[in-house]
Amino acid sequence: MHRVLALFGDITQRRVDAIVNAANTTLLGGGGVDGAIHRAAGPELLAACRAITESPPGVRCPTGQARITPAFRLRAKYVIHTVGPVYRDGMSNEPKQLANCYRNSLELAAQNDIETIAFPAISCGVFGYPGMRAARIAINTIDEFLTTHPGSIKQVELVAFDNDMQLILSNAIETKLGEAT
Ligand code: APR
């Protein structure tokens, strides 16, 4: 299991090349980690998001896809905005869409020579994704990407904003390590 770390803290403080934002399809900001990232990055981030093409009107990033902008006042160089699925019942394509968020964010990072990246627990707040299910999808998708793209991303941080989520992420990583041996 590559360099994948589960950490506890505020993602806006991470010293990585890119931090991932759990945004919505408008990319015009919101609450949760989206709000925290926009507050820390400053107003230029919203201006950069506004400049992203809307297709269809009002949609700058469809669910499961990712867009990249500079990070302005953040320590990081880039913000990769991705839009997670709203959790319904786990059988409405949410697992696939959540996996797409991690995979497309990592693809975009690799295309921009990003070596270190931090993810929040995408969809696990307002969008209601159960933490353990989301953690398993995140870690499986990240591990698969790093295995099939050797020499790209050097380190992936999974940044939890509460102790429960950090424990869930750590356990999911341990489980994955157990599978590998
Ligand atoms: N650092 C790290 N993680 C954070 C931070 C932070 N500063 N703030 C919140 N989180 C965590 C939450 O605790 C949760 O575990 O990020 C995870 C994702 O929660 P949300 O931010 O609510 O994102 P999500 O569930 O994907 O919902 C996205 O919420 O803010 C709006 O515009 C956003 O409409 C979109 C929706």
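Be aware that the sequence shown starts at 1, since it is given in my numbering, and climbs by one per residue. C-beta: ideal position from N, C-alpha, C; glycine also.
Look at P120: its beta carbon is less than 7 Å from one of the heavy atoms in the ligand APR. In the DSSP assignment, P62 falls outside any alpha helix (DSSP H) and carries neither an H nor an E. Contact annotation: V83 and P56 have beta-carbon atoms that are not nearer than 8 Å.
Take I80, set aside five residues on each side of it, and the residues of its chain with a beta-carbon closer than 6 Å to its own are A18, V20, A66, I68, S105, L108, in chain order. Under DSSP, L7 forms a beta bridge with V159. In this structure, I139 places its C-beta atom within 8 Å of the C-beta atom of V4. The alpha helix (DSSP H) runs of length 4 or more contained entirely in the segment 11-59 are, from start to end of the chain, 32-41, 43-50. Contact annotation, A135 with L169: C-beta distance approximately 5 Å; criterion of less than 8 Å satisfied. When DSSP reads this structure, F119 sits in a beta bridge with L158. Out of P43, R15, G29, G90, the CA that lies nearest to the CA of Y129 is found in G90. Distances from the CB of T69 to the heavy atoms of the ligand APR are all 7 Å or more.
Straight-line spacing of the CA atoms in F72 and P43 works out to 9 Å.
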